[in-house]
Amino acid sequence: MIWRILVLLLVVWLLFNIDDLGKKIYPFPYRETITHQAIAHNIDPFLLVALIKTESSFDPKATSPAGAMGLLQIMPDTGYWIAENTAMLNFTAEQLYQPKINIRMGAWYLADLNNQFNHELVLVLAAYNAGRGNVQKWLENGCWTGEQNTLDQIPFPETRNYIRKVMWHYQVYKFLYDQT
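Counting from 22, one number per residue, gives the positions in the sequence shown under the working numbering.
As structure tokens, then:
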């Protein structure tokens, strides 16, 4: 009997504290920088923060086994390409560990993918994870329709799961932090 009361109290507590609990599980560090760069590059800040949570879980020193670096897990070659296209002088790969630089470069890259893929979010996320060349091939050879309801057609299981994870985080961030 006492355990039922404890469970009921826990459920009531969770219902009244879901927002606080959610924000502990889904924090929004670097909020000012993320918001500024998202606005500057015409992308949704909740998408950018969801991408960071998925890519690095907010660890600015994160490094993937493949060599991707920083919050948005940018490959050094991609970093040099972004620097060249944004007239960023004296760029070094180590700068990808600096949150402000990584977020600025990642936001620019996401906007570039948005432009290439006509703001089709699922295509943009697939390209962010698997590379724009792979996504182009999948679409051209009919391997994938490019629609969210056909994610299972994507040849890379990692990319399928990645898209689902980012989309989930995106919805949670919008739910927790969107005040409009």
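All residues carry an ideal CB built from backbone N, CA and C; glycine is no exception.
Buried/exposed call for M22, threshold 16 Cβ in 10 Å:
Residue burial is scored here from C-beta neighbours: M22 has fewer than 16 other C-beta atoms within 10 angstroms and is therefore classed as exposed.
Buried or exposed by the 16-neighbour rule on C-beta atoms within 10 Å, applied to N139
Classification for N139: exposed.
Measure the Cβ-Cβ separation of I73 and F67 and say whether it is below 8 Å.
With contacts defined as CB atoms closer than 8 Å, I73 and F67 fail to qualify as a contacting pair.
So, is L35 buried or exposed, given that buried needs 16 or more other C-beta atoms within 10 angstroms?
With a pLDDT of 48 at L35, under the threshold of 50, the modelled position of this residue cannot be trusted; read the value that follows with caution. By the Cβ-count criterion, L35 is exposed, with fewer than 16 other Cβ atoms from all chains shown falling within 10 Å of its own Cβ.
How big is the Cα-Cα spacing for M109 and S77?
Approximately 24 Å, taken between the alpha carbons.
Limits of the alpha helix (DSSP H) - the one that H57 falls within
That run of the alpha helix (DSSP H) goes R52 to A61.
For the alpha helix (DSSP H) containing L160, name the first residue and the last one.
Here the alpha helix (DSSP H) through L160 covers R153 to E161.
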